[in-house]
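Step one of this worksheet: look at the structure below.
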Amino acid sequence: QKEVEQDPGPLSVPEGAIVSLNCTYSNSAFQYFMWYRQYSRKGPELLMYTYSSGNKEDGRFTAQVDKSSKYISLFIRDSQPSDSATYLCAMSGTSYDKVIFGPGTSLSVIP
Amino acid sequence: DVKVTQSSRYLVKRTGEKVFLECVQDMDHENMFWYRQDPGLGLRLIYFSYDVKMKEKGDIPEGYSVSREKKERFSLILESASTNQTSMYLCASSSLHRATEAFFGQGTRLTVV
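Line by line, the protein sequences are chains A and B.
If you want this note's numbering, it's the position in the first sequence, counting the first as 1, plus 409.
If you want this note's numbering, it's the position in the second sequence, counting the first as 1, plus 67.
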């Protein structure tokens with residue numbers, strides 16, 4: 410079993426839809442949870458960062474962590490074509506530990 | 068604007084060549100990382116460094132070496148390139164205790180023929 414699993418997609422939604430992206434993980438020691446966004450032919454950029462369980466909201470983006478289920482989600486409200494990218498979940502046990510990345514989900518938002 | 072700059076966007080090299088990938092960051096970060104990214108496998112850590120002249124193996128160090136002679140520069144070396152090293156290579160940096168908040172370069176697409 411991989412440490413971090415993520416549906417690779419591709420996921421295609423109409424503009425304005427609510428998007429849900431998810432990852433599952435196996436290591437209960439993970440405490441730090443990140444979402445990176447990667448546009449085509451670019452490097453990943455940090456989008457959201459959450460410590461332990463709970464929700465965090467930033468504009469149209471909400472990150473949710475359920476440690477009891479070892480499941481994290483990223484919700485995108487009112488999705489825009491500019492949200493079309495690959496979304497990578499990432500996690501770590503401490504802020505200085507090695508970070509484990511999921512394989513990424515490819516998202517296309519159709520105008 | 069913070070930056071991690073990789074020296075090449077695209078490289079084509081022949082099997083057996085020695086290949087150098089260069090990365091420079093301007094954020095005075097202690098940590099620097101080299102990853103490779105392959106479809107379905109995500110980012111895999113090759114090597115990282117937390118200080119000048121310090122290096123630690125990641126998950127897939129075989130066939131690679133690194134050099135960090137200055138804080139801002141981290142080089143990845145493919146000693147004898149092979150076709151299975153065809154991949155996207157990503158450099159990243161972070162402050163010492165914030166490995167969870169990494170800044171990435173734009174990537175180098177390496178093709179070994």
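The C-beta atom is built at its ideal place from N, Cα and C for all residues, glycine as well.
As the structure is a computational prediction, the values presented were derived from the model and not from experiment.
Can the beta-carbon of THR459/A be found closer than 8 Å to that of PHE470/A? no
With DSSP as the reference, identify every bridge partner of ASN464/A, one or two as the case may be. GLN473/A
Looking at chain B, is there any beta carbon in it that lies within less than 8 Å of the beta carbon of GLY452/A? yes
Grab me the residues of TYR448/A's own chain with a C-beta within less than 7 Å of its C-beta, minus the 5 sequence neighbours each way, in chain order. ALA494
Please report whether the beta-carbon of PHE171/B lies at a distance below 8 Å from any beta-carbon of chain A. yes
So, for GLU414/A: in the same chain, excluding its five sequence neighbours on each side, which residues have a beta-carbon less than 6 Å away from its beta-carbon? THR433
Taking the alpha carbon of LYS120/B as the reference point, which residue from ARG111/B, SER134/B, ILE127/B has its own alpha carbon closest? SER134/B
Taking any Cβ of chain B, which residues in the region 484-506 of chain A have a Cβ under 9 Å from it, in chain order? LEU497, ALA499, MET500, SER501, THR503, SER504, TYR505, ASP506
Three-state secondary structure (DSSP) of PRO419/A: coil
Could you check how far apart the C-beta atoms of ILE127/B and ILE144/B are, in whole angstroms? I think they sit under 8 Å. About 14 Å; that fails the 8 Å criterion.
Please report the straight-line C-alpha distance between GLY463/A and LEU430/A, rounded to a whole angstrom. 16 Å
Just the C-alpha distance for ARG140/B and MET457/A, rounded to the nearest angstrom, thanks. 27 Å
Between THR175/B, VAL180/B, VAL179/B, which lies nearest to SER74/B when the distance is taken from Cα to Cα? THR175/B
Kindly give me the distance between the Cβ atoms of GLN152/B and VAL179/B, rounded to whole angstroms, as I take these residues to be in contact under 8 Å. 5 Å
So is ASP93/B buried or exposed if we call it buried at 16+ other beta carbons inside 10 Å? exposed
Reduced DSSP category for THR150/B - H, G, I as helix; E, B as strand; rest coil: helix
Can you check the region 90-123 of chain B for any beta strand (DSSP E) of at least 3 residues that lies completely inside it and give the ranges in chain order? 98-105, 109-116
Decide if VAL518/A is buried, meaning its Cβ has at least 16 other Cβ atoms within 10 Å, or exposed. buried
Extent of the continuous beta strand (DSSP E) to which SER482/A belongs: 480-485
Using a C-beta to C-beta distance shorter than 8 Å, which residues of chain A count as neighbours of ARG165/B? SER504, TYR505
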